[in-house]
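Each remark here refers to the structure printed beneath this line.
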Ligand SMILES: [Fe+2]
Ligand SMILES: [Fe+2]
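Numbering (the numbering used here), first residue to last: 108 to 378.
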């Protein structure tokens with residue numbers, strides 16, 4: 108199974124480059140992913156004139172399954188409403204058959220209007236847990252903000268405010284992959300049975316420690332997950348090749364004494 112992860116498109120921004128986006132999309136389509144995740148910041152300010160442009164450009168993406176969440180830039184200026192009008196629900200729970208794998212995918216809007224900080228929010232926890240309940244071969248969680256600090260981004264800021272509780276929740280849900288963006292630096296943190304995979308900015312020159320625009324290709328095989336960052340029109344670089352199954356004592360999924368998620372909460376469309 109192949110997943111393409113892009114984020115931080117920033118359509119309408121001063122350092123947005125349409126040619127980079129089009130190159131990346133052509134490369135992604137040529138790679139033939141089963142699933143494409145667009146992990147937020149599709150627009151630069153959430154303005155109503157930026158959403159149609161973002162939709163038009165991103166409509167060129169080709170995959171059986173495409174999942175999008177808003178980023179902090181999309182939620183500016185009441186842009187979260189334009190996001191809904193343009194792309195649909197901001198939160199989604201999906202079961203997919205991908206490359207022979209049963210995939211449980213939960214995607215959450217981690218933004219707050221006009222704030223750069225993120226928060227998943229405890230009202231989401233039960234809903235997230237239900238999305239991962241039952242059998243599946245691969246569990247994928249998507250949100251825009253990062254759950255762990257990212258090196259090479261300057262001073263740490265805007266990490267999800269309830270990151271500790273969310274990490275513990277996702278660990279208990281046996282999540283395999285957490286796909287996020289936001290800091291414009293591609294990076295992978297292996298944490299307690301999960302790979303926290305961050306994509307860079309696909310189509311802007313708003314780069315930080317990693318000085319190129321980038322997106323990720325994630326290959327999930329029977330026993331391994333390998334992650335490669337790709338520079339649109341340029342080279343690739345491995346972000347690691349990891350075992351899918353962690354030793355039980357390292358994932359320590361049952362070791363958390365705190366997390367209690369409230370079940371039976373309805374928040375958004377399920378498909
Ligand atoms: Fe961004
Ligand atoms: Fe962001």
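Yeah, the Cβ is synthetic: ideal placement off N, Cα and C, and Gly gets one too.
Computed from a predicted structure; not experimentally measured.
Residue i beta carbon near ligand 3 (any heavy atom closer than 7 Å)
i	result
residue 121	Ligands displayed in this structure: ligand 1 and ligand 2; ligand 3 is not among them.
Heavy atom of ligand 2 within 7 Å of residue i beta-carbon
i	result
residue 259	no
residue 289	yes
residue 305	no
residue 179	yes
Expected contact under 8 Å - CB spacing of residue i and residue j to nearest Å
i	j	result
residue 95	residue 318	What is shown of the chain runs 108 to 378, which leaves residue 95 out entirely.
residue 382	residue 165	This structure cannot settle anything about residue 382, because the visible part of the chain is limited to 108 through 378.
residue 180	residue 117	7 Å
residue 201	residue 174	7 Å
residue 140	residue 110	6 Å
Nearest-angstrom Cα separation, counted from residue j out to residue i
i	j	result
residue 196	residue 214	10 Å
residue 271	residue 277	10 Å
residue 119	residue 151	6 Å
residue 312	residue 115	11 Å
residue 130	residue 168	11 Å
residue 222	residue 233	24 Å
residue 134	residue 339	8 Å
residue 208	residue 178	28 Å
residue 184	residue 355	45 Å
residue 343	residue 171	24 Å
residue 146	residue 112	7 Å
residue 329	residue 351	8 Å
residue 357	residue 128	38 Å
residue 261	residue 300	27 Å
residue 199	residue 249	10 Å
residue 186	residue 314	24 Å
residue 225	residue 158	21 Å
residue 162	residue 362	43 Å
residue 264	residue 257	10 Å
residue 144	residue 268	23 Å
residue 346	residue 245	19 Å
residue 302	residue 364	22 Å
residue 323	residue 306	6 Å
residue 206	residue 326	10 Å
residue 227	residue 126	33 Å
residue 334	residue 348	6 Å
Near ligand 1: residue i beta-carbon under 7 Å from a heavy atom
i	result
residue 253	no
residue 231	no
residue 319	no
residue 148	yes
residue 172	no
residue 348	no
residue 308	yes
residue 189	no
residue 84	Because the chain in this structure spans residues 108 to 378, residue 84 falls outside the shown range and cannot be described.
Strand pairing of residue i, partner residues [DSSP]
i	result
residue 319	Residue 319 is not bridged to any residue.
residue 143	111, 173
residue 303	285, 296
residue 324	111, 335
residue 311	123
residue 118	150
Any chain D beta carbon closer than 8 Å to residue i
i	result
residue 356	Absent from the structure: chain D. Only one protein chain is present.
Original post:
Can you list the beta strand (DSSP E) stretches of 3 or more residues lying completely in the stretch 220-260, in chain order?
Top reply: 245-249
**OP:** Would you mind listing the beta strand (DSSP E) stretches within the stretch 151-216 that are 3+ residues and don't spill past its ends, in chain order?
**Re:** 172-176, 199-205, 208-214
**OP:** Can you check the stretch 330-372 for any beta strand (DSSP E) of at least 3 residues that lies completely inside it and give the ranges in chain order?
**Re:** Counting only runs of 3 or more, we get 331-337, 343-350.
Original post:
Where are the alpha helix (DSSP H) runs, 4 residues long or more, that stay fully inside the stretch 261-299, in chain order?
Top reply: 270-279
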